[in-house]
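Heads up: the sequence shown begins at 283 in my numbering, then just goes up one per residue. Positions of the beta carbon are idealized from the N, C-alpha and C atoms, including for glycine. Computed from a predicted model, the values in this text were never measured in an experiment. One structure is given below, encoded as structure tokens.
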Amino acid sequence: MAPPTIASLSTAKKLAFIVPSTNTAVETLTISLLHSLQANIIPLFTRTRVLTLGTDSSSTAQFTPAAFTAAAQLLADAAPDAIIWNGTSGMFVGGDVAADKALAKTLTDACNGISCSTNTLATIAALEYFSIRDISIAVPYTPDVTQRVSDFFTREGYRVHKALRLEETPPTNDAIGKCSAAAIKDLVRRAVTPETKAVLVACTNFPATLLVGELERELGVVVLDSIAVSAWYGLKLLGVKGTKEKMEGWGRLLCSL
């Protein structure tokens, strides 16, 4: 049996991600989609502590510039070409796109000019790429977090036609990562309205990544899974092109470079 093809440690570009500490989906799904791409890219990961998902002060206090900076600087030690905060906190801590842009600049400055961004900014970039303003939201969150996500996009000028959550909120982030494909597909299907042009699966631990291509073909709308969105934006920062043939099945966004 031939050995597996791996990126060259001497010539590969490096794409780095900051991951919530309780997340179990980002690494495996990101590595899987990069394997499909067969590009000379090394994925790097570090974690920042995230134990709860909520709108209370103890939950939102986990997402500070200082915490993100410490994590980004650990990644910067490995000299990556780009760093992405692979969490959706920017959508529910009560801020706006300007706050995430400021965070990205803070991280870039702290990492000696390495390009840094966030999943929230990547999601906005994906919507702009498709010229979409009419969206629905499908998330595994509590009612208050779901409302915050909806309010965020409304404030940014998007028309949110439906914001749906799982009927039973998983008790922990680890439990979110164990949600079944059937439950995710059902939620996304129910989120679609006649006006919906894109469904945002806005959680980087809700494993919809492998379902995007199937759901887009079935529903006729763009499906933006947060893990795929972060990977797409990171690849874009690295200047990757020609993904269409290799990424077929991963959805329209990952085929667009």
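{"Query": "Assigned exposure category for Gly521 - 16 Cβ within 10 Å defines buried", "Result": "exposed"}
{"Query": "Bridge-paired residues (DSSP) for Ala480", "Result": "Ile417, Val504"}
{"Query": "Whole-number beta carbon distance between Thr478 and Val503, since they are thought to touch under 8 Å", "Result": "6 Å"}
{"Query": "Beta-bridge partners of Thr342, as assigned by DSSP", "Result": "DSSP, once it has assigned bridges, lists no residue as partnering Thr342."}
{"Query": "Where Thr424 sits in the DSSP three-state scheme", "Result": "coil"}
{"Query": "Status (buried if at least 16 other CB within 10 Å, exposed otherwise) for Asn305", "Result": "buried"}
{"Query": "For Ser538, the three-state DSSP class (helix, strand or coil)", "Result": "coil"}
{"Query": "Whole-angstrom distance between Thr451 and Ala381, CA atom to CA atom", "Result": "28 Å"}
{"Query": "For Ala445, three-class secondary structure by DSSP", "Result": "strand"}
{"Query": "Delimiting residues of the beta strand (DSSP E) encompassing Thr402", "Result": "First-last for Thr402: 401-412, but that is the alpha helix (DSSP H), not the beta strand (DSSP E)."}
{"Query": "Gln344 versus Lys467 - alpha carbon distance", "Result": "30 Å"}
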